[in-house]
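First residue of the sequence shown: -4, per our numbering; consecutive thereafter. By construction, the Cβ of each residue, glycine as well, lies at the ideal position given by its N, Cα and C atoms.
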Amino acid sequence: MVQLRVRARAVDMLGRQQIAGIPTAIHELFKNAHDAYAERVEVDYFRRTNVLVLRDDGYGMTREDIENRWLTLGTESRLGSNRPDSVKGWTGPKHLPRRAIMGEKGIGRLAIAAIAPITLLLSRAVRPDGLHKLVVALVHWGLFEQPGLDIGEIDVPVVEFPGGTLPTRSDIHALIKRVQENIEDLKDDLDEDEITRLLADLDKAKGISPDKLDVTLRGFVKKDETPLSLQDGGYGTHFILLPTAPELNDDIDGGADREASNLERNLLGFSNTMKGVRPVIRTRFRDHHLDEEPEEIIGPRNFFRQEEYEKADHHFTGNVDEYGQFSGTVRIYGVTKSFVCNWTEGKGRHTKCGPFSIDFAYVQGLQRESHLPPDEYKVIIEKLDRIGGLYIYRDNIRILPYGNSDVDFLDIERRRTKSAQDWFFSYRRMFGYVAIDHENNHSLSEKAGREGFRQNQAYRDFRAVLMNLFQRLAIEFFRSAATQGETYWDQKNAFEVEAKLLAKQKKKADERRSDFTKLLEDFFEKYETGDFEKRAETIENHTASRLDRLVTLDDDGDLATGVRDLEKQIQGQLQTLSNDLSISKPRGLALTKRMEKDWAAYQRISNDVRESTLNPLRKKIDQLIRQATETRVSMSQRRESAIKMLEGQRDGLVRELSTLRQAAYEASKEMQETLKDVVREEFSQFREAVETLLVDFTRMTARNPGKLEDALNSFENEVRTIREREASFLEAIQRQMKDITEAIKERETVEDRTGALEQRAQRLEEQLEFYSDFAQMGMGVGILQHEFEKSARNMRLAVRDLKPWADGTPELKKVYTRLRNSFDHLDGYLKMLDPLGRRIRRSKVEISGDEIRMHLRRIFRRALDEDGIELEASDAFLEKKVSCRTSALLGAFVNVVDNAIYWVSNGAQNDKWINLDIDDDGFLISNSGPGIEERLRERIFEFGETTKPGGRGMGLAISKDTLLREGFDLELVQSGSDVDPVFKIKTVNTLEGEA
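Printed below as a string of structure tokens:
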């Protein structure tokens, strides 16, 4: 009689070759932990050594379990365990609620071979009789890939250790030796290259020491958590897998900015956290990059949470019965309605898939159509772009690959592209789940490779019911003519109207702001070019020249007439000059923060010009005229001329205001006519609509008298809707008219009120933008610091290891010294990079100007030499000493000098220099670069303000803020487009000569 023989390659075919990939294999191990009633399962991946460690706190395996179940294919120990009549078994020492068993085929564990060829299994069982010994097994899956070997020829060493202890490196070497001996016994059946590869993989396992690895992993235990350790009283199952397949790195790193990685897509959401209840098992995946802190890729907060679910725009919750009929609730913008959806395609038959439930949320694709605030909307949309989708959970454990963005098993996106009105939903804007279980949905069976359900009749019914539900939801609630779409369309239209009004108002305000900005820019340009002073000088010279010619006239009357004409001409020129100095801030216009700074600078500069130029000019002209006419033209004649001139100005002003008054009257009349026309038109439409409804009611009841009550209810509902709409509009018009009347009485305008609201909104937007930019900067600095810390840690170790060689090698000693000094300098800067100023609080030290200069030269020597810039320092600067925290002061000097180098190298006309000096208040830093406009004197210290191409506007702002917290200050003391800029670091709390 011939017996069926099983080759070792069958294990490889059922495991590694069957599974979809490494994340799917890890998912299978997570399910094994779930079946062992683990509450936690964690993965630690060490990239440097290509070692992956998976640990759980389940009830573990005894030696008998490992030999007769784990190392046996197709075990039947779990077969039928999910039947309702199955005997309730032991659920672990904590007596957890009974769980549905996820693995029944007995081959899922073979997927572990897809991760790495070597598996070191450590398991310690806990049973009703207490804790058992630790069992350790070593499996080389590479042997199962070899052709020609029977499965019984491969040796898997299994040993026991006393409970509470862990094997050492020498213990692992003993297991490796047994596998090596097995390979030696099989060498006649193996290819030489394969033997070399198998032994090389085993050599990599020689560095594993579970007892020391346990100490390392304990260092990552979070507060109030018990270590996942098999030492002392610990139990569970641990896998140490190596060397990991190279695909694992790509599975972790392969995600784009807006895409989740393959690992995230498959492992996030293993347990359902969207229900708002504690998951039955918590999963984690930590990625250890070299010698740095690990990155938690999979964790409790990486997936969707209940609070995020509740914030969505729309919610759909209900149950699908055995006939495919959905019964549940639909919540649109917070308004809940009951909804029943029949599956007509089923024609009343029982579905093959069985009853299930569905619960999902949806977020509008445009922020202006969502009730979420902009910041929260941005966060949730970014998360949806990465991991949004409809997940499937069987007994609260995820079924792969459903939920992945590239597995749109309901063809939602394809059907939406064909007909958006019937397929409202987008797969990347929804998140939720379909809940099935073993009891009711056993016909929905997974493929062996965990690539979804087998496409049997149960799956086809399941898919058809869901597709029908999504289509009916779109037609009933989101179509333009949807029977229950009033809530969605009313709110959506309200959002759109609000967005249009805001856009319209913003456009008007932006146009006014643009005009106002142009006026300010013109003023500052005239100021920087000295236009006001030049015009004043021209007026004065012209007056003096004309008076010189007039005094040569013999007739006093001709002189008086000429002076009167000259005064009129000069007063016109002075008025023009004064008008150019006068800019009126538009009433009710909300200014940006930058415009407010410019407005404040304008007011200050305008007053300065009036005091220094215009007022002295008026006095000078009056003096010139008085000197020229004091003996020939009487004061009464000059007074009469002045009165006539003022009367002319008065008449011109009256004419101007009369024109504006008439325009206001005309606008009022136009508004009244428009109001009458609109109200008349609305009332006419109301009458027409009601009459049409009445005619329809009469015809309907005449044709079908039996539907009188239905027709009457419909008529009343339509009339009520029309009345509410028209009444709401007319009442709003009435309120607006009253508000306008009241505002006019109070000498206010609509622009005043709108401007006040706009000003507040403008401030909030700028504040939000500032915090967003600052947060981005903080995160950026945090990342930068993190990367620097990793590099610094490795450099510190390398420098330390280099020292013994350097001590014995003179030539190397010089290189070592330079390297050490450079590293110490870099390490000092590292301490300044602590995010958002949370730096190490060192005590104050005394630092001299000479030390500051040396510090600047060390940093900028190359830049100064390349651009030919002289860094000069006065003797007083070199001798000055100040007591402070050096990071704040040196950081400010570095920022100012760094900016100076850029502007000197790109804008200096002649000599290139940067000068360091002092005055009574502190340090002075000047340079030969282009001048800084007066209006920018304060603005350059604002966060985000910069005129440097590609600049971020952070350096001076941060330096000033840091100095202020030290009791110092940073200011620009010399400004102007045609003068050398001078910065001052005010050391107001300086004690010279003291430590």
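Query	Result
Beta-carbon proximity of Leu572 to Arg530, cut-off 8 Å	yes
Inside the region 336 to 365 only - beta strand (DSSP E) runs reaching at least 3 residues	351 to 357
7 Å Cβ shell around Ile327 - same chain, five flanking residues per side excluded	His309, Phe472, Thr482 and Tyr483
Where Asn610 falls: helix, strand or coil (DSSP)	helix
Span of the alpha helix (DSSP H), counted from its first residue to its last, around Ser540	Asp526 to Leu545
For Ile927 and Pro976, believed in contact at Cβ under 8 Å, the rounded distance	5 Å
Backbone secondary structure at Val315 - three-state DSSP	strand
For Trp484, the first and last residue of its enclosing alpha helix (DSSP H)	Glu481 to Glu523
Contact set for Ile565: own chain, Cβ-Cβ below 7 Å, skip 5 residues either direction	Ile534, Thr538 and Ile616
Pair within 8 Å by beta-carbon distance, His345 and Tyr372	no
Straight-line gap, Pro241 to Glu288 (C-alpha atoms, nearest Å)	22 Å
Integer Cβ distance of Ser352 from Asn314, believed to fall under 8 Å	5 Å
Range covered by the beta strand (DSSP E) that runs through Asp282	Arg277 to His283
Bounding residues of the alpha helix (DSSP H) (the contiguous stretch that carries Val974)	Counting along the chain, Val974 falls outside any alpha helix (DSSP H), and DSSP gives it neither H nor E.
contact_flag[the region 129 to 137, the region 190 to 204] where n(CB pairs < 8 Å) is 3 or more	yes
Residue nearest to Ile276 in terms of C-alpha spacing, selected from Leu262, His283, Leu967 and His284	Leu262
The region 370 to 386 in contact with the region 481 to 501 per 3-pair CB rule at 8 Å	no
Proximity of Ile392 and His850 at Cβ, strictly below 8 Å	no
Inter-residue CB distance, Asn399 and Arg300 (contact presumed, cutoff 8 Å)	About 19 Å separates the two Cβ atoms, so there is no contact after all.
Collapsed DSSP secondary structure at Glu933 in the structure displayed	coil
Val891 and Phe978 closer than 8 Å at C-beta	yes
Other residues of its chain near Val216: CB distance less than 6 Å, five sequence neighbours each side excluded	Pro222
Whole-angstrom C-beta distance between Ser438 and Lys347, which should lie under 8 Å	6 Å
Beta-carbon proximity list for Ser972, same chain, < 7 Å, skipping 5 on both sides	Glu523, Gly926 and Glu928
Simplified DSSP state of Asn890, which is helix, strand or coil	helix
Touch test, the region 148 to 157 against the region 83 to 94, Cβ-Cβ under 8 Å, three pairs minimum	no
Any 3 or more C-beta pairs closer than 8 Å across the region 587 to 600 and the region 552 to 570	no
Range of the contiguous beta strand (DSSP E) that encloses His135	Gly125 to His135
Trp85, DSSP secondary structure in three states	coil
Sub-8 Å separation of Phe404 and Phe355 beta-carbons	no
Rounded straight-line distance, which links the Cα of Ile387 to that of Tyr428	5 Å
Local Cβ density within 10 Å of Leu831, reported as buried at 16 or more and exposed below that	Confidence at Leu831 is low in this model, with a pLDDT of 39, below 50, so its placement is unreliable and no value can be given for it.
Inter-stretch contact at 8 Å, needing at least 3 Cβ pairs: the region 144 to 154 / the region 39 to 48	no
Asn910 in three-state terms, based on DSSP	strand
Of the listed residues Glu528, Ala504 and Glu625, nearest to Leu554 (C-alpha basis)	Glu625
Exposed unless 16 or more other CB atoms sit within 10 angstroms - verdict on Gln466	buried
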